[in-house]
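J.: Before we start, here is the structure in question, set down as structure tokens.
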Amino acid sequence: MSATSETLVPFEDVLAAYDPALGLEVHVELNTATKMFCGCPAAFGGEPNTHVCPTCLGLPGAMPVVNGKAVESAIRIGLALNCDIAEWCRFARKNYFYPDMPKNFQTSQYDEPIAFDGYMDVEVDGETFRVEIERAHMEEDTGKSTHVGGATGRIHGADYSLVDYNRAGIPLIEIVTRPILGAGEKAPAVARAYVQQLRDLIVALGVSEARMDQGNLRADVNLSLSPKGSGVLGTRTETKNVNSFRSVERAVRFEMQRHAAILDAGEAIFQETRHWHEDTGITTSGRPKSDADDYRYFPEPDLVPVAPSREWVEELRGTLPENPVERRARLQEAWGFTDLEMRDVVAAGVVEAIEETVAEGAAPQAARKWWLSELSRRANDAGVEITELGVTPAQVAAVQRLVDDKVVNDKLARQVFDGLLAGEGTPAEIVEKRGLAVVSDDGALSTAVDNAIAANPDVADKIRDGKVAAAGALIGAVMKEMRGQADAARVRELILEKLS
Amino acid sequence: MSDPTPDLTRTTAADLAAALAAGETTSVALTQAHLDRIAAVDGSADAGVHAFLHVDTEGALAAAVASDERRAAGAPLHALDGVPVAVKDVLATTGLPTTCGSKILEGWIPPYDATVVRRLKDAGLPILGKTNMDEFAMGSSTEHSAYGPTRNPWDLERIPGGSGGGSAAAVAAFEAPLALGTDTGGSIRQPGAVTGTVGVKPTYGGVSRYGLVAMANSLDQVGPVTRTVLDAALLHELIGGHDPLDSTSVDQPVPGLVEAARQGATGDLSGLRVGVITELQGEGYQAGVLARFHESLELLTAAGAEVVEVSCPSFVHALATYYLVMPCEASSNLAKFDAMRYGLRVLPEGVDAPSAEQVMRATRDAGFGDEVKRRIILGTYALSSGYYDAYYGTAQRVRTLISRDFEAAFGQVDVLVSPTAPTTAFKLGEKLDDPLAMYLNDLATIPANLAGVPGISLPSGLADEDGLPAGFQVLAPAMADDRLYRVGAALEAALHDRWGGPLLDKVPALEGVAR
């Protein structure tokens, strides 16, 4: 690692001098019942080396047979990305030695991908970027190595390594973009939005669990800089396995700043694979990756070509879900959200949650409020995906019904969510158990208001003089006395009545 | 059964099946007879035929007992139920070592059966054992076996052909009535030619390759090794047909091979057009081999066939094409032998805590023989960036030309013929240091593998100069394997008349050779 590689140029300065070129390679692990080339379960997990057979262990003499369901998923992904579907294509062997590759070659498509020449329109801050898709091809996953001992968790320096072949042979689709040019300062956001939108699409297609944290969806980020306006692509680096949307954005930003520092120092970018470190937010040098990497590709002689009929392709086109971008536009209109509101909702990944909550009877704005502010925050705090938080759209709708019925106010509703997360029962039960219901007895409220007025004569005078905005201080005092169990709107009414 | 006290080991598989069906013998008796013959003549790497790498006495007898019980209950599984068979050591067998003639797989016992082995077992054929071969089927003499060579029963100083010398020698030495071989460039047919046996390479895709440890996947094919054309048809029908585990296997019914063999045996070939391949005769072919070839052509003419000459100009490039396609595929196939999961593991000397890479290197260095290493290097080089198009790419284009030559030729004639191998069996060690001379043995057999068409080799008699068997090859269009059997059986019948009976009657008795 050269000394300059740790120096970063401020982001704004990068943009003043350079144009970034982005490229994204996303691996999607399909959710087929069986592996790409054998009948073993493709399920995540399992005791190590239990989902294996002669074929996925690469035993001498065993042969692959293509999983038709995986081909179907690949075609559907291709169609959803506006790709052409090959009339005839083959698998190839990518030859290299590594202990987690049972055959020491990976069976993958090479120069004949199943889908090619597509695009996806990505929205960032209301601006649309067309990301061109070069190809989407089928391949098999490798086994999973665990390197034990040593500081880095990598094979070098490890005391020993364990290999689990359960993952070997699980079907993958690799989606490769063409270089994305002209994104400028939005390059990090475009990268993130692309991966996020791609994930939405994969989820809508139902072809993968598409969980980045479980490695169902893995993004490699290619980045290079060229001197501003030169139009000449620079040397790229490939940052592997960037495993969250946020990290995609950060990794692009980091590499832009790092590249600029090296280029500013008059040095050359070294073409290599880099590792992303989630904790420190930096990339470090991996292995050199040059065009000299020689995988000795040749067509897999044990498989016959894949030749999907045009009838089948059209039949599959008929099964495509609504395009997520169009769907979003439709929902935004139906919900009456502003562009900004919708963008935040999309960014937080809660479109589906809101849709279901609205279907359960909640008002769109209320659903947005709970999912976006309250529940996203809690998911962030807990470090889990919002869908994994354990609160369902039906529960959110039930909480909102309690608010609508003035059983609780917003503040108390937050405590209902505490109860839900603690597994204390239904929203109604939680209100009951925790004694959260709003006090609607005007007598008790009236006393509390009188007390507040008596304790804050200056404020009371201001209100009498017509400075209604000052009422907030008194409302706060009342709420405090009522331990939050009051309807703030009603309290305000009482204060204004008494001081008018 | 004309002989009242027949030697069970000298009986054809078809006759053994008939004897079993008639209750004249038992599977146990004939399996034991073959095991006894193996014990008498097979010997070891040092002496005897050495056709077998592993003999499964216990397993074969157990299968024979089960077969006899089924037959007693009136429920045999197949016409060949109870007739023993030998299997080339390149086919995976549950519970039996499968070494491919290589040190790198020493002691490996597969947890699964090759589909063809499964079909043998499902039909009730006792498996006598696993036969010797050139390491990973790379060779034409069986001298490249890591476990020592097989010797030709006609002359123990000579090679039995390769790579399937073990299967051919076992059948020629009456150690087995039937055997399975594999043919990538001639490994069934060339050993057949030099041992006086019948060997068939079926149409590519006609027989499942699942469980065949691949040398070159686009060329390999499993086929029968027998003493008669009819026996080959019986075994071929049994192992052939679609296998869902091999997506390159053809989903079409196997043509009536046994029927074709029986029809051919009547000796009438009227209306059949036979093409003699111009490019596969003449220079480089031994005089005695050519003499037997021309004699066979006369016999075909006498049987009513019309014999014409057909040119296949691209065939002169077949050998060069083969030696690019095959090593490319082989270099990749053999990458899996890395000591990580099964087979040999060699730790490098003088290294305290060797890395995975060091263990892979040490194991592959110690575990592979020179011919295997030669082909790995050739294939790796030919597939390398910058050479791929010139080598692999060109080879694939020439392969297409060879297929077109076949198509054009089969537009004119029903079958093509040539001598199987250019010479009779050469001496052990004679060509071991000259790989190119060794490769030339497969000159006439390779085009069929490159195009995927089927071929048979059957003995055409003994060469005058050395008294050793010569082979006659018949090639047919893809999925027309039945033509091989019709022509082969007709020629076989005519040759029996010419030589006064089966050629193998003249093979030395071999008693005592095993010491």
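Keeping their order, the protein sequence lines are chains A and B.
Going by the working numbering, the first residue of the first sequence is number 3, and it counts up by one from there.
Going by the working numbering, the first residue of the second sequence is number 4, and it counts up by one from there.
Here a beta-carbon is modelled for each residue, glycine too, at the ideal position from N, C-alpha and C.
Within a Cβ cutoff of 7 Å, which residues of the same chain sit near A/Ser7, ignoring the five residues on either side of it in sequence?
T.: With a pLDDT of 46 at A/Ser7, under the threshold of 50, the modelled position of this residue cannot be trusted; read the value that follows with caution. Excluding residues within five positions, the ones whose Cβ falls inside 7 Å are Arg260 and Ile264.
J.: As a quick exercise: from B/Ala517, B/Asp445 and B/Leu465, pick the residue whose alpha carbon is nearest that of B/Gly1.
T.: As displayed, chain B neither begins before 4 nor continues past 518, which places residue 1 of chain B out of reach and without an answer.
J.: For the region 94–128 of chain A, list every residue whose C-beta sits within 8 Å of some C-beta in chain B, in sequence order.
T.: Hits within the stretch, in order: Arg95, Asn97, Phe99, Pro101, Pro104, Lys105, Asn106 and Phe107.
J.: Three-state secondary structure (DSSP) at A/Asp119?
T.: DSSP places A/Asp119 in strand when its eight states are reduced to three.
J.: Would you identify the three-state DSSP class for A/Leu305, choosing helix, strand or coil?
T.: In the structure shown, A/Leu305 sits in coil (DSSP, three-state: anything other than H, G, I, E or B).
J.: Pairs of beta-carbons, one from the region 470–481 of chain B and one from the region 112–123 of chain B, closer than 8 Å: are there three or more?
T.: With the cut-off at 8 Å, the region 470–481 of chain B and the region 112–123 of chain B do not touch.
J.: Pick out whichever of B/Thr12, B/Ala54, B/Pro79 and B/Gly46 has its Cα sitting closest to the Cα of B/Ala25.
T.: Nearest option by C-alpha distance: B/Pro79.
J.: Leaving out five residues on either side along the sequence, give the residues of the same chain with a beta carbon under 7 Å from the beta carbon of A/Arg436.
T.: If we look at A/Arg436 and ignore the five residues flanking it on each side, its Cβ neighbours are Gln417 and Gly421.
J.: Roughly how many whole angstroms lie between the Cα atoms of B/Leu99 and B/Leu131?
T.: Whole-angstrom Cα-Cα distance: 11 Å.
J.: Using a Cβ cut-off of 9 Å, which residues of the region 92–109 of chain B contact any Cβ in chain A, in chain order?
T.: Within the region 92–109 of chain B, the residues whose Cβ lies closer than 9 Å to some Cβ of chain A are Val93, Leu94, Ala95, Thr101, Cys103 and Leu108, listed in chain order.
J.: Are A/Val178 and A/Glu27 closer than 8 Å when you measure CB to CB?
T.: It is a contact, given that the beta carbons lie within the stated cut-off.
J.: For the beta strand (DSSP E) that contains A/Trp278, what are its first and last residues?
T.: Where A/Trp278 is concerned, the enclosing beta strand (DSSP E) stretches over Glu274 to His279.
J.: What's the gap between the Cα of B/Ala17 and the Cα of B/Ala65?
T.: Cα to Cα, the separation comes out at about 22 Å.
J.: Beta-carbon of A/Val306 versus every beta-carbon of chain B: anything under 8 Å?
T.: So yes, A/Val306 belongs to the interface.
J.: Where does B/Lys91 fall in DSSP's three states?
T.: Strand, per DSSP.
J.: Please specify which runs of the alpha helix (DSSP H), each continuous and at least 4 residues long, are wholly inside the region 372–422 of chain A, giving them in chain order.
T.: Listed in chain order, they are 378–384 and 395–406.
J.: Quick one: is B/Ala117 near chain A, going by C-beta distance under 8 Å?
T.: So yes, B/Ala117 belongs to the interface.
J.: Go ahead and pull the three-state DSSP assignment for A/Asn84.
T.: Looking at A/Asn84 - three-state DSSP - the assignment turns out to be coil, as it is neither helix nor strand.
J.: Checking the sheet assignment: what are the DSSP bridge partners for A/Asp463?
T.: Answer is none; A/Asp463 lacks a bridge partner.
J.: Assuming B/Lys133 and B/Pro457 make a contact with CB atoms under 8 Å, what is their CB distance in whole Å?
T.: Between B/Pro457 and B/Lys133 the Cβ distance is about 25 Å, and since that is not below 8 Å, they are no contact.
J.: Is the shortest distance between the beta-carbon of B/Pro505 and the beta-carbons of chain A less than 8 Å?
T.: It does not; no Cβ of chain A falls within 8 Å.
J.: Would you mind telling me which residues of chain A sit closer than 7 Å to B/Gly214, beta carbon to beta carbon, in chain order?
T.: Those are Gly63, listed as they occur along chain A.
J.: Closest Cβ-Cβ distance between B/Ala338 and chain A: below 8 Å?
T.: Closer than 8 Å: yes.
J.: Hey, how far is the Cα of A/Ala44 from the Cα of A/Gly217?
T.: Spanning the two alpha carbons is a distance of roughly 14 Å.
J.: Does A/Val16 pass the burial test, meaning 16 or more other C-beta atoms within 10 Å, or should it be called exposed?
T.: Buried: at least 16 other Cβ atoms inside 10 Å.
J.: Please go through the same chain and pick out, in chain order, the residues whose beta-carbon is closer than 7 Å to the beta-carbon of B/Leu293, but skip the five residues on each side of it.
T.: Once the five neighbours on either side are set aside, the close Cβ partners of B/Leu293 are Gln284 and Pro422.
J.: So what does DSSP say about B/Pro194, is it helix, strand or coil?
T.: Correct three-state label for B/Pro194: helix.
J.: Name the chain B residues that come within less than 9 Å of A/Pro1, Cβ to Cβ?
T.: This structure does not reach residue 1 of chain A, given that chain A is present from 3 up to 502, and the question cannot be answered.
J.: Quick one, are the C-beta atoms of B/Val52 and B/Thr153 less than 8 Å apart?
T.: Yes, the pair counts as a contact, with Cβ atoms nearer than the cut-off.
J.: Listing by chain order, which chain A residues have their CB less than 8 Å from the CB of B/Met343?
T.: In chain order: Pro101 and Val165.
J.: Is the shortest distance between the beta-carbon of B/Thr251 and the beta-carbons of chain A less than 8 Å?
T.: Yes, B/Thr251 counts as interfacial toward chain A.
J.: Spell out whether any CB of chain A is found under 8 Å from the CB atom of B/Pro450.
T.: No - not a single Cβ of chain A is within 8 Å of the one on B/Pro450.
J.: Below 6 Å CB to CB, which residues in the same chain sit around B/Leu275 once its five sequence neighbours on both sides are set aside?
T.: Closer than 6 Å at Cβ, skipping near neighbours: Ala308 and Asp417.
J.: Going by DSSP, name the residue or residues bridged to B/Thr134.
T.: B/Thr134 pairs with B/Phe55 and B/Lys91.
J.: So A/Arg137 and A/Pro115 are supposed to be a Cβ contact under 8 Å. How far apart are they, rounded?
T.: That pair is a contact at about 4 Å.
J.: Measuring straight from C-alpha to C-alpha, what distance separates A/Leu501 and A/Ile465?
T.: Their backbone Cα atoms lie some 7 Å apart in a straight line.
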